[in-house]
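Residue numbering for the sequence shown follows the numbering used here, beginning at 1009 and increasing consecutively. For each residue, glycine too, the CB sits at the ideal point set by N, CA and C. Heads up: the structure comes next, in structure tokens.
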Amino acid sequence: MNRITPKNTSVSLSIFQLFLSIIFLSIFALPASSINPDKIDKGSLTLPQSPAPPPLPQPLPAAPPPSNPVSAPAPVPPQAYYPPKSYDPAPSPAPVRQSFPHDVVGCDDKGHSKLIRQILLGEVVHCVLGEDSFRKDGRPIHMYEFQGTAEQALDIKLIGGKTGDWQLNPYLVLLGPDRRVISADDNTSRQRVAQVQVKLPTSGTYTILASNREAKEFGRYSVVVERDLNRYSLDESSELSDRSQRLTQDNSAFNPSEFQGEQGKVVTIRASSYSFFPALTLLDPDGQIIARNDNKAGDRNVALEYRLPKSGTYKAIVNSIRPEDRGSYRLTISPSAQRR
């Protein structure tokens, strides 16, 4: 038996490697057309996948409602109101109620007058100017009628509510039987009381217009018609006209009225006019100016209170704060009247 030598071994390995190469090429180098697709194990193949489309943008979710939504403020109902038996229209506000009390004279449950309210001499009527009140030229207004006689001296007051109590800035107008204005207080100085002191020119039905100085404001008020109990040493109605005397300072028309005064006595001089804004000047017996009210507030009623320095004949001068104004006015002088 022949022994295999190393040379023979290397030849055998070369032949073996050649045999493996032929087998490898016969398997993997076949043309694609020779592959039978029916004999392919499809479960063992992994097909290429198309790239996934990008995700579509999604709308943002709606914001959840707030846990404590803010609601519109509830309307505040009118406050309870119990008028006292005085000129003050109300005490401090009472707890809120749904409607205005029905027992208030001349007012319904919405707080305004029923048509035209009749008012008696000495009667005090309490009411409220509200959003549902009758309006004239956009201004809320209530109307009161009373019977008057010629030469009757009356004191008419429209009193607004207390400060902080739904306050009204009163605006008072008095109409004669012919429905023409004979007196008014538009409360330019914004006092709590609007007042007219008047001597009625004729007998008939007079009308009081109760309103507010500001058209969009509302509030409580009282109205009263009383006899004017002042004792006047002078009470006259006159007129500023082109025939009146003229002041040298501004050429405005003026009328002087004389009265007798006693030393140490306090006199109150009043001038009221619906036609112009009056100013007052007091001259002593020597013709010197001793007191003056320039009516810088532009009110239709002015007053001057002064203690007379000596006895003699004094002069009260009425003119308008605007030189071009003309019209009628009333001048009164009382020895013991108080300020408005």
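**Message:** Assuming Ser-1342 is part of the beta strand (DSSP E), what are its boundary residues?
**Reply:** Numbered from its first residue, the sequence shown carries residue 1342 at position 334. First-last of the beta strand (DSSP E) with Ser-1342: 1335–1342.
**Asked** Which residues bound the beta strand (DSSP E) around Leu-1158?
**Response** Locating residue 1158 in the sequence shown gives position 150, where the first residue counts as 1. Note that residue 1158 is Ala in the sequence shown, not Leu. From DSSP, Ala-1158 is part of no beta strand (DSSP E); its letter is neither H nor E.
**Expected contact under 8 Å - CB spacing of Thr-1321 and Arg-1278 to nearest Å** = Position 313 of the sequence shown, counted from the first residue, corresponds to residue 1321. Position 270 of the sequence shown, counted from the first residue, corresponds to residue 1278. About 20 Å; that fails the 8 Å criterion.
**Prompt:** When you compare only the Cα positions, how much space is there between Phe-1284 and Ile-1164?
**Reply:** Position 276 of the sequence shown holds residue 1284. Position 156 of the sequence shown holds residue 1164. Looking at the two C-alpha atoms, the distance is approximately 20 Å.
**Asked** In the DSSP assignment, what are the bridge partners of Pro-1264?
**Response** Translated into positions along the sequence shown, residue 1264 becomes position 256. Its beta-bridge partners are Ile-1325.
**Message:** If distances are taken between C-alpha atoms only, which option among Leu-1208, Asn-1177 and Gln-1199 comes closest to Ser-1191?
**Reply:** To locate residue 1191, count along the sequence shown from 1; it is residue 183. Looking at the Cα atoms, Leu-1208 is the closest of the given residues.
**Prompt:** Helix or strand or just coil, what does DSSP make of Leu-1128?
**Reply:** Residue mapping note: residue 1128 aligns to position 120 of the sequence shown, counting from 1. Of the three classes helix, strand and coil, the one that applies to Leu-1128 here is coil, per DSSP.
**Request:** Return helix, strand or coil for Lys-1304, following the three-state DSSP convention.
**Result:** If you number the sequence shown from 1, residue 1304 lands on position 296. Note: Lys-1304 maps to coil in three-state DSSP.
**Item:** Contacting residues, own chain, Cβ-Cβ under 8 Å from Ser-1249 (five flanking each side not counted)
**Value:** Position 241 of the sequence shown, counted from the start, is the residue given in the question as residue 1249. Excluding positions up to five away in sequence, the list reads Ala-1261 and Arg-1334.
**Prompt:** Taking Ser-1336 as the reference, which of Arg-1221, Ala-1202, Tyr-1282 and Val-1136 has the closest Cα?
**Reply:** Position 328 of the sequence shown, counted from the first residue, corresponds to residue 1336. Looking at the Cα atoms, Tyr-1282 is the closest of the given residues.
**Asked** Taking Glu-1225 as the reference, which of Ser-1246, Arg-1330, Pro-1178 and Gln-1199 has the closest Cα?
**Response** On the sequence shown, residue 1225 is found 217 positions in, with the first residue counted as 1. Of Ser-1246, Arg-1330, Pro-1178 and Gln-1199, the residue nearest in Cα terms is Pro-1178.
**Message:** Could you tell me which whole alpha helix (DSSP H) segments of length 4 or greater appear in the stretch 1180–1257?
**Reply:** none
**Message:** Alpha carbons only, please: which of Arg-1338, Leu-1182 and Glu-1234 is nearest the one belonging to Leu-1129?
**Reply:** As a working mapping, residue 1129 is identified with position 121 in the sequence shown. Of Arg-1338, Leu-1182 and Glu-1234, the residue nearest in Cα terms is Glu-1234.
**Residue environment, Ile-1297, which counts as buried when at least 16 other CB atoms sit within 10 Å** = Residue mapping note: residue 1297 aligns to position 289 of the sequence shown, counting from 1. Exposed, since its Cβ has fewer than 16 Cβ neighbours within 10 Å.
**Request:** Determine the burial state of Asp-1258: buried for a count of at least 16 other Cβ atoms within 10 Å of its Cβ, exposed for fewer.
**Result:** Position 250 of the sequence shown, counted from the first residue, corresponds to residue 1258. Classification of Asp-1258: exposed, given that the 10 Å Cβ count is below 16.
**Asked** Does the distance from the C-beta atom of Leu-1217 to that of Val-1181 stay below 7 Å?
**Response** If you number the sequence shown from 1, residue 1217 lands on position 209. If you number the sequence shown from 1, residue 1181 lands on position 173. Contact: yes.
**Asked** Sorted by chain position, which residues of the same chain lie with C-beta nearer than 7 Å to Thr-1289's C-beta, five sequence neighbours on each side aside?
**Response** By one-based count along the sequence shown, residue 1289 stands at place 281. Result list for Thr-1289: Ile-1297, Arg-1300 and Ile-1325, in chain order.
**Message:** What would DSSP say about Arg-1315, mapped onto helix, strand or coil?
**Reply:** Position 307 of the sequence shown holds residue 1315. In the structure shown, Arg-1315 sits in a strand (DSSP, three-state: E or B).
**Request:** State the CB to CB distance for the pair Lys-1318 and Gln-1271, rounded to an integer number of angstroms; the pair is presumed to be in contact (CB under 8 Å).
**Result:** Walking along the sequence shown from the start, residue 1318 turns up at place 310. Walking along the sequence shown from the start, residue 1271 turns up at place 263. Right, the Cβ-Cβ distance comes to about 5 Å (below 8 Å), so this counts as a contact.
**Asked** Anyone know if the C-beta pair for Thr-1213 and Glu-1153 falls short of 7 Å?
**Response** Against the sequence shown, residue 1213 aligns to sequence position 205. Against the sequence shown, residue 1153 aligns to sequence position 145. Yes; because the gap between Cβ atoms is below 7 Å, this pair is in contact.
**Request:** Helix, strand or coil for Gly-1138, going by three-state DSSP, please let me know.
**Result:** Translated into the one-based positions of the sequence shown, residue 1138 becomes position 130. Three-state DSSP puts Gly-1138 in coil, outside helix and strand.
**Item:** Which of helix, strand or coil DSSP assigns to Glu-1270
**Value:** On the sequence shown, residue 1270 is found 262 positions in, with the first residue counted as 1. Note: Glu-1270 maps to coil in three-state DSSP.
**Prompt:** Looking at the unbroken beta strand (DSSP E) that takes in Leu-1290, where does it start and where does it end?
**Reply:** Working through the sequence shown from its first residue, we reach residue 1290 at position 282. Element bounds for Leu-1290: 1286–1291.
**Request:** Using three-state DSSP, classify Leu-1176 as helix, strand or coil.
**Result:** Walking along the sequence shown from the start, residue 1176 turns up at place 168. Three-state DSSP puts Leu-1176 in coil, outside helix and strand.
**Prompt:** Taking just the CA atoms, how far does Leu-1291 sit from Ser-1219?
**Reply:** To locate residue 1219, count along the sequence shown from 1; it is residue 211. To locate residue 1291, count along the sequence shown from 1; it is residue 283. One C-alpha to the other measures close to 37 Å.
**Request:** Give me the Cβ distance between Leu-1176 and Gly-1138, rounded to the nearest whole Å; I'm assuming they're in contact under 8 Å.
**Result:** Counted from its first residue, the sequence shown places residue 1176 at position 168. Counted from its first residue, the sequence shown places residue 1138 at position 130. Not confirmed; about 11 Å, so no contact.
**Prompt:** With a Cβ-Cβ cutoff of 7 Å, do Ile-1124 and Val-1133 count as a contact?
**Reply:** Here residue 1124 refers to the residue found at position 116 when the sequence shown is read from its first residue. Here residue 1133 refers to the residue found at position 125 when the sequence shown is read from its first residue. It is not a contact, given that the beta carbons lie outside the stated cut-off.
**Asked** Between the Cα of Asp-1295 and the Cα atoms of Ala-1287, Asp-1302 and Glu-1266, which residue gives the shortest distance?
**Response** Sequence index remark: in the sequence shown, residue 1295 carries index 287 (1-based). According to the sequence provided, residue 1295 is Gly. The question's Asp does not apply to it. Answer by Cα proximity: Glu-1266.
**Request:** Whole angstroms is fine: what's the gap from Leu-1255's alpha carbon to Asn-1327's?
**Result:** Here residue 1255 is taken as the residue at index 247 of the sequence shown, counted from 1. Here residue 1327 is taken as the residue at index 319 of the sequence shown, counted from 1. Distance between the alpha carbons of Leu-1255 and Asn-1327: 9 Å.
**Request:** Could you please give me the residues that DSSP links to Asn-1259 through a beta bridge?
**Result:** Counting from one through the sequence shown, the residue named residue 1259 turns up at place 251. According to DSSP, Asn-1259 bridges with nothing at all.
**Prompt:** For Val-1310, which option in Val-1275, Gly-1269, Ala-1287 and Ser-1246 has the closest C-alpha, if you only look at C-alpha atoms?
**Reply:** For the purposes of this step, residue 1310 is identified with residue 302 of the sequence shown, where counting begins at 1. Comparing Cα-Cα distances from Val-1310 to each of Val-1275, Gly-1269, Ala-1287 and Ser-1246, the minimum goes to Ala-1287.
**Selected residue, minimal CA-CA separation from Thr-1157, among Asn-1195, Pro-1185, His-1150 and Lys-1170** = Counted from its first residue, the sequence shown places residue 1157 at position 149. Comparing Cα-Cα distances from Thr-1157 to each of Asn-1195, Pro-1185, His-1150 and Lys-1170, the minimum goes to Pro-1185.
**Asked** With distances taken between CB atoms, is the gap from Asp-1194 to Arg-1308 smaller than 7 Å?
**Response** Your numbering for residue 1194 matches position 186 in the sequence shown. Your numbering for residue 1308 matches position 300 in the sequence shown. Their beta carbons are under 7 Å apart, which means Asp-1194 touches Arg-1308 by this criterion.
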